[in-house]
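In the numbering used here, the protein residues as written are 62 to 192.
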């Protein structure tokens, strides 16, 4: 079994400034389901920041980082939404699904936490050994 890990932290106040100063930021980064979830919360900014951190952590776990793709393409291939239990679930589409398939990824764990000032996320991907 192979294990891939990523972690990211976001300063919520800086994230909120970008959010408020860029009209297309939310639609460029987040899926409709992600937007609906975050906007349903009392303080949507901390939830958007947490999902952004989880997307960044996913990129790190995939081993791609931000290189080689536009920001909308990069983040739109990764979706973080709550599962039935409320725990974050991860799904890949497009380019991210292709990379995860090549790496044999078949399981994931996502953890998101936030305080008043920071949101942090870890992503662990596991997959079969590839030869």
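Virtual Cβ for every residue (Gly too), placed ideally from N, Cα, C.
Exercise for the section: Kindly indicate the opening and closing residues of the beta strand (DSSP E) around residue 167. Expected result: Per DSSP, the continuous beta strand (DSSP E) segment holding residue 167 begins and ends at 166–175.
Practice task
If I'm right that residue 118 touches residue 183 with Cβ under 8 angstroms, what's the distance once you round it to whole angstroms?
Solution key: Between residue 183 and residue 118 the Cβ distance is about 6 angstroms, and since that is below 8 angstroms, they are a contact.
Practice task
Would you grab the beta carbon distance between residue 181 and residue 141 for me? Rounded to a whole angstrom, and I think it's under 8 angstroms.
Solution key: That pair is no contact at about 13 angstroms.
Practice task
With distances taken Cα to Cα, identify the nearest neighbour of residue 175 among 69, 65, 62 and 63.
Solution key: Put simply, of 69, 65, 62 and 63 the residue whose alpha carbon is nearest the alpha carbon of residue 175 is 69.
Exercise for the section: Note the first and the last residue of the continuous alpha helix (DSSP H) segment covering residue 126. Expected result: Segment: none, residue 126 is in no alpha helix (DSSP H) and carries neither H nor E.
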